[in-house]
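Just so you know, our numbering puts 267 at position 265 of the sequence shown, and the rest follows in order with no gaps. C-beta atoms are modelled at their ideal positions from N, C-alpha and C, and glycine is treated no differently. Predicted, not measured: the structure shown is a model, and the values here were computed from it. Take a look at the structure below.
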Amino acid sequence: MAKYVYDFTEGNKDLKDLLGGKGANLAEMTNLGLPVPPGFTITSEACRHYLAEGAVPDGLEREVAEHLTAMEKRMGKTLGQADDPLLVSVRSGAKFSMPGMMETVLNIGLNDESVHGLAKQAGGNDRFAWDSYRRLIQMFGKTVLDIDGELFEQALESLKGDRQDTDLGAAELQGLVETFKGIVRDQTGKDFPADPREQMRLAVMAVFDSWNAPRAILYRRQERIPADLGTAVNIVAMVFGNVGNDSGTGVAFTRDPGSGQQGIYGDYLQNAQGEDVVAGIRNTIPLQELERLDKSSYDELLRIMETLENHYRDLCDIEFTIERGKLWMLQTRVGKRTAAAAFCIATQLVDQGLITLDEAVTRVTGDQLAQLMFPRFDSGTEKKKIAKGMNASPGAAVGKVVFSSERAVELAGQGEDVILVRRETNPDDLSGMIAARGILTSRGGKTSHAAVVARGMGKTCVCGAEELEVSIGERRFTAPGDIVVNEGDLISIDGTTGEVFLGEVPVVDSAVVEYFEGREPDDDLVRAVDRIMRRADEVRRLGVRANADTPDDAARARRFGGEGIGLCRTEHMFLGERRQLVEDLVLASGDEERQAALDALEPLQKADFVGIFQAMEGQPVTVRLIDPPLHEFLPDLTDLSVKVATGDATDKDRKLLGAVKRLHEQNPMLGLRGVRLGLVIPGLFAMQVRAIAQAAKEVPGAKPEIMIPLVAAVQELEAVREEAAGILADLGVEALIGTMIETPRAALTAGQVAEAAQFFSFGTNDLTQMTWGFSRDDVEAAFFSRYLELGMFGVSPFETLDRDGVGRLVTIAVEEGRAARPDLKLGICGEHGGDPDSVHFCHQAGLDYVSCSPFRIPVARLEAGRAAFAECDSDTR
Numbered sequence: 003m004a005k006y007v008y009d010f011t012e013g014n015k016d017l018k019d020l021l022g023g024k025g026a027n028l029a030e031m032t033n034l035g036l037p038v039p040p041g042f043t044i045t046s047e048a049c050r051h052y053l054a055e056g057a058v059p060d061g062l063e064r065e066v067a068e069h070l071t072a073m074e075k076r077m078g079k080t081l082g083q084a085d086d087p088l089l090v091s092v093r094s095g096a097k098f099s100m101p102g103m104m105e106t107v108l109n110i111g112l113n114d115e116s117v118h119g120l121a122k123q124a125g126g127n128d129r130f131a132w133d134s135y136r137r138l139i140q141m142f143g144k145t146v147l148d149i150d151g152e153l154f155e156q157a158l159e160s161l162k163g164d165r166q167d168t169d170l171g172a173a174e175l176q177g178l179v180e181t182f183k184g185i186v187r188d189q190t191g192k193d194f195p196a197d198p199r200e201q202m203r204l205a206v207m208a209v210f211d212s213w214n215a216p217r218a219i220l221y222r223r224q225e226r227i228p229a230d231l232g233t234a235v236n237i238v239a240m241v242f243g244n245v246g247n248d249s250g251t252g253v254a255f256t257r258d259p260g261s262g263q264q265g266i267y268g269d270y271l272q273n274a275q276g277e278d279v280v281a282g283i284r285n286t287i288p289l290q291e292l293e294r295l296d297k298s299s300y301d302e303l304l305r306i307m308e309t310l311e312n313h314y315r316d317l318c319d320i321e322f323t324i325e326r327g328k329l330w331m332l333q334t335r336v337g338k339r340t341a342a343a344a345f346c347i348a349t350q351l352v353d354q355g356l357i358t359l360d361e362a363v364t365r366v367t368g369d370q371l372a373q374l375m376f377p378r379f380d381s382g383t384e385k386k387k388i389a390k391g392m393n394a395s396p397g398a399a400v401g402k403v404v405f406s407s408e409r410a411v412e413l414a415g416q417g418e419d420v421i422l423v424r425r426e427t428n429p430d431d432l433s434g435m436i437a438a439r440g441i442l443t444s445r446g447g448k449t450s451h452a453a454v455v456a457r458g459m460g461k462t463c464v465c466g467a468e469e470l471e472v473s474i475g476e477r478r479f480t481a482p483g484d485i486v487v488n489e490g491d492l493i494s495i496d497g498t499t500g501e502v503f504l505g506e507v508p509v510v511d512s513a514v515v516e517y518f519e520g521r522e523p524d525d526d527l528v529r530a531v532d533r534i535m536r537r538a539d540e541v542r543r544l545g546v547r548a549n550a551d552t553p554d555d556a557a558r559a560r561r562f563g564g565e566g567i568g569l570c571r572t573e574h575m576f577l578g579e580r581r582q583l584v585e586d587l588v589l590a591s592g593d594e595e596r597q598a599a600l601d602a603l604e605p606l607q608k609a610d611f612v613g614i615f616q617a618m619e620g621q622p623v624t625v626r627l628i629d630p631p632l633h634e635f636l637p638d639l640t641d642l643s644v645k646v647a648t649g650d651a652t653d654k655d656r657k658l659l660g661a662v663k664r665l666h667e668q669n670p671m672l673g674l675r676g677v678r679l680g681l682v683i684p685g686l687f688a689m690q691v692r693a694i695a696q697a698a699k700e701v702p703g704a705k706p707e708i709m710i711p712l713v714a715a716v717q718e719l720e721a722v723r724e725e726a727a728g729i730l731a732d733l734g735v736e737a738l739i740g741t742m743i744e745t746p747r748a749a750l751t752a753g754q755v756a757e758a759a760q761f762f763s764f765g766t767n768d769l770t771q772m773t774w775g776f777s778r779d780d781v782e783a784a785f786f787s788r789y790l791e792l793g794m795f796g797v798s799p800f801e802t803l804d805r806d807g808v809g810r811l812v813t814i815a816v817e818e819g820r821a822a823r824p825d826l827k828l829g830i831c832g833e834h835g836g837d838p839d840s841v842h843f844c845h846q847a848g849l850d851y852v853s854c855s856p857f858r859i860p861v862a863r864l865e866a867g868r869a870a871f872a873e874c875d876s877d878t879r
């Protein structure tokens with residue numbers, strides 16, 4: 003028979019799956035002999051049953067009654083006993099800490115009779131007893147009976163006036179109890195339940211229900227906590243911090259959770275219960291002040307803090323209560339901390355001999371490292387927020403507003419910082435995006451053009467700020483409150499929060515980025531990052547490459563620890579002034595004109611590759627042949643049509659209009675692009691391969707890898723490979739020839755494709771799009787928020803790789819590809835290459851490397867090291 007209830011003496015800290023973090027740690031402290039009030043835990047398994055079936059599992063009520071009876075015997079009093087009552091708290095406790103997200107009810111067991119017995123326990127302290135009773139009704143009414151908490155707050159505030167709650171006398175609090183009971187009666191049509199066991203039963207159900215409260219769901223989504231875990235429930239004998247000034251409650255940290263520095267950190271509140279500290283109803287005092295108020299309890303607390311930190315080998319977050327000079331421990335957990343504190347604490351614990359450097363690597367995350375790399379606004383500065391959009395690419399950027407790429411380039415060339423503001427961006431905006439400090443759009447989401455390109459460049463970006471009305475023609479935008487921002491005005495955008503501010507907000511540089519750029523470590527944080535990164539690099543199996551299209555990007559990638567380029571996108575080389583040459587290619591009327599256009603492009607492409615090969619200094623460079631449809635390089639259909647209709651068009655405009663109409667596709671992302679372009683337009687891929695080969699000959703040690711995009715059938719790859727291999731042989735250049743696996747068919751026929759490919763690079767952006775049937779340019783703004791609300795997925799599949807669907811295709815391709823060609827090189831070059839969870843999947847799937855934007859390289863390096871340690875841990879279990 004299943005066991006649903008565990009006494010604190012039966013559990014331990016390793017049972018978090020069953021007892022939740024709070025219950026497991028209360029049991030652990032009990033085992034350590036620390037002063038923990040008696041109690042027991044209802045398992046998360048019982049919660050899951052309740053949520054699934056709408057009723058508690060058979061046998062739970064019997065087990066709870068048995069454990070409560072055992073507690074009553076131990077305490078020598080019964081729950082709600084009139085003359086000497088046992089009171090209990092009912093508190094949530096999930097596996098992963100969710101502070102404040104679920105329910106707690108204190109002082110259960112009080113009613114009109116037992117309140118007098120409680121006063122007697124406290125030496126005739128009527129005020130304390132009635133204060134505890136009003137707290138029960140207030141908390142129970144709000145959390146269990148779902149009564150608007152403001153009704154209780156208003157009644158309390160009306161009684162207090164200008165006084166503190168501690169100034170209320172016993173008679174006033176007794177009257178407040180009657181007022182609160184009246185609120186319950188008015189709002190529910192029933193009296194407040196006087197039966198102590200019924201109070202406890204209803205409180206347990208309320209805690210179970212709070213697992214699916216909106217705030218808990220939102221928190222889980224934010225923290226990526228699985229929705230199916232459920233919460234345990236802890237029933238603990240009450241100890242009271244609100245008996246008088248010799249009592250109190252507090253929170254302590256064994257180290258500073260903000261910086262990681264050792265010391266005494268925390269808050270204490272005299273004559274209060276724990277919820278008072280959280281609610282902020284009175285100002286707390288620094289924990290150090292407790293030494294003056296109660297030195298004995300203070301000294302004991304410090305000893306316990308040292309014991310817990312040494313036992314858990316980590317920063318501990320502690321809740322405690324002092325009842326008439328007696329210290330009680332109510333909770334401990336491994337404390338939440340800032341990213342900076344995480345790195346500092348991990349290396350401090352190594353130096354203290356509590357953990358190894360290997361374990362320190364596992365104690366920090368790529369997400370935390372990314373936070374340390376983003377520039378930030380000075381938190382101590384006043385800001386005027388005018389809008390909020392999606393936090394598309396983190397960081398802090400300040401600059402003058404510009405509404406065109408040309409203006410951005412112009413002002414940036416004059417040394418000005420600019421923010422490029424558009425309704426949405428397109429490939430023509432690339433030069434302005436490069437020039438700008440940040441990008442702000444009123445449309446689009448986290449996978450829009452602006453967002454993807456900005457993340458790749460490490461640019462701050464806020465997308466989808468729908469409150470803004472952007473007028474490109476008038477060169478201004480308006481924000482709520484009749485705020486008008488003209489070109490040249492200063493704004494500040496926060497890509498971490500999505501907020502937009504009027505005027506200049508001071509920016510604080512990231513010392514960690516300076517370190518990755520080559521600065522020697524000269525403070526504790528950077529030294530900690532350096533130690534952990536060095537160890538991660540020593541143990542990781544996965545290589546880390548960069549997605550880089552320019553020599554500057556390539557050079558930055560090397561400084562950040564990149565070991566090659568996994569994706570060099572050649573289409574970016576056809577923009578700007580070169581667009582004219584692409585137009586000539588499209589408009590070519592015969593072989594001669596087409597070849598002339600290709601001949602004009604070839605030396606420009608070669609020069610690009612020379613710069614990139616030189617920057618990489620002998621590291622491999624994977625060059626993807628042109629991928630997007632050619633219409634992307636032509637003028638807009640509507641603009642051309644208007645020109646022709648109004649008589650303003652040149653002969654070339656009219657020819658271009660015909661070409662645009664000819665090339666127009668209903669769904670160009672599934673049309674004439676990738677390998678299909680190379681097969682349909684003679685000489686296009688050959689020109690690119692020659693440019694790559696000639697550049698490689700010119701740069702000693704160059705290691706080109708030629709990647710053919712959007713292959714769905716091996717016959718497509720064979721045709722292009724044959725032509726490319728001939729060119730390479732003629733020029734005497736060695737280069738690997740491979741393909742992107744970005745269509746489901748390519749993944750499912752990987753054994754055939756591998757016969758003609760020396761490497762695979764998984765293009766998971768398109769593979770995700772095609773597997774899900776999502777257009778990544780449209781779906782996020784259209785319905786992703788609703789899908790997240792409904793739990794269709796916990797995180798966007800374009801942010802973190804979908805292991806069950808896309809991941810399954812990758813696994814099939816890896817297995818079948820390597821079976822056909824054992825030396826097949828395997829990598830990934832989609833957005834997922836820099837996502838921490840996706841990096842772990844790539845390690846597990848057996849890939850050789852991941853490729854990501856230069857600014858994500860340190861994150862990928864760290865996570866690759868963590869993945870190696872995770873595999874070792876799994877092997878030893």
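| query | result |
| --- | --- |
| Using only CA atoms, which one of V352, E489 and R723 lies nearest to G401? | E489 |
| Within its chain, find whatever has a CB closer than 8 Å to the CB of G809; leave out the 5 residues flanking it on each side and keep chain order. | L803, F843 and A847 |
| Residue ranges of each alpha helix (DSSP H) run of no fewer than 4 residues wholly in the segment 273 to 346, ordered along the chain? | 276 to 281, 292 to 295 and 297 to 314 |
| Under a Cβ-count criterion, where at least 16 other Cβ atoms within 10 Å of its own Cβ denotes burial, should R129 be classed as buried or exposed? | buried |
| DSSP state of Q264, grouped into three classes? | strand |
| Using the Cα positions of L828 and A866, report the straight-line distance between them to the nearest angstrom. | 15 Å |
| Applying the criterion that 16 or more other CB atoms from any shown protein chain within 10 Å of the CB defines a buried residue, is G126 buried or exposed? | exposed |
| In the DSSP output, which residue or residues are listed as bridge partners for K387? | F503 |
| Check N428 in the structure and name its three-state DSSP category. | coil |
| Measuring only the C-alpha atoms, how far is D16 from L28? | 12 Å |
| How long is the line joining the alpha carbons of V404 and A410, rounded to whole angstroms? | 6 Å |
| Can you tell me the Cβ-Cβ gap for G568 and R547, rounded? I've got them flagged as a contact below 8 Å. | 3 Å |
| Go ahead and pull the three-state DSSP assignment for G25. | helix |
| With a CB to CB cut of under 6 Å and the five nearest residues on each side skipped, what residues in its chain are close to Q635? | Rather than Gln, the amino acid found at residue 635 in this sequence is Phe. These residues qualify, in order along the chain: F576, R581 and V584. |
| Could you tell me if T383 is buried or exposed, where buried requires 16 or more neighbouring beta carbons within 10 angstroms of its beta carbon? | exposed |
| Have a look at S1 and F210 and give me their C-alpha separation to the nearest angstrom. | Because the chain in this structure spans residues 3 to 879, residue 1 falls outside the shown range and cannot be described. |
| For a test of the three-state rule: what should DSSP assign to I493, helix, strand or coil? | strand |
| Looking at chain C, is there any beta carbon in it that lies within less than 8 Å of the beta carbon of H633? | Here chain C cannot be found, since the structure has a single protein chain. |
| Answer yes or no: do M104 and A254 have a C-beta to C-beta separation smaller than 8 Å? | no |
| Are the Cβ atoms of F242 and E159 separated by less than 8 Å? | no |
| From G56, F10, D19 and N14, pick the residue whose C-alpha is nearest to that of M73; which is it? | F10 |
| Quickly, what does DSSP pair Y221 with across the bridge? List them, please. | According to DSSP, Y221 bridges with nothing at all. |
| Where do the N-terminal and C-terminal ends of the alpha helix (DSSP H) with A854 fall, by residue? | Here the sequence assigns Cys to residue 854, which means Ala is not the residue at that position. Here C854 belongs to no alpha helix (DSSP H); instead the beta strand (DSSP E) covers Y851 to C854. |
| For T306, which residues in the same chain have their Cβ closer than 7 Å to its Cβ, ignoring the five residues on either side in sequence? | According to the sequence displayed, residue 306 carries Ile and not Thr. Excluding sequence neighbours, I306 sits near L36 and M331. |
| Less than 6 Å between C-beta atoms, sequence neighbours within five positions excluded: which residues of the same chain meet that for G282? | Any reading at G282 must be qualified, since the residue scores a pLDDT of 48, below 50, and its modelled position is unreliable; no value is offered. |
| Quick check on the burial criterion: 16 or more other C-beta atoms within 10 angstroms. Buried or exposed for T462? | buried |
| Can you find the residues in the same chain that come closer than 6 Å, C-beta to C-beta, to R533, ignoring five residues on each side of it along the sequence? | T349 |
| Kindly indicate which residue of S855, L303, N113 and A131 has the alpha-carbon position closest to the one of V245. | A131 |
| Can you give me the start and stop residues for the alpha helix (DSSP H) that D526 sits inside? | D526 to V541 |
| Please classify I474: is it buried, with 16 or more other beta-carbons within 10 angstroms of its beta-carbon, or exposed? | exposed |
| Tell me whether C570 sits in a helix, a strand or coil according to DSSP, three-state version. | strand |
| Write down every uninterrupted run of the alpha helix (DSSP H) in the segment 601 to 650 whose length is 4 residues or greater and which is fully enclosed by it, in chain order. | 639 to 647 |
| Indicate the three-state DSSP secondary structure (helix, strand or coil) for S433 in the structure shown. | helix |
| Grab the span of the alpha helix (DSSP H) containing D9 for me, first residue to last. | Note, D9: premise wrong, no alpha helix (DSSP H); beta strand (DSSP E) at V7 to D9. |
| In whole angstroms, what is the alpha-carbon distance linking E573 and D319? | 52 Å |
| Report back the beta-carbon spacing between Y270 and I287 to the nearest angstrom; my notes put them in contact at under 8 Å. | 5 Å |
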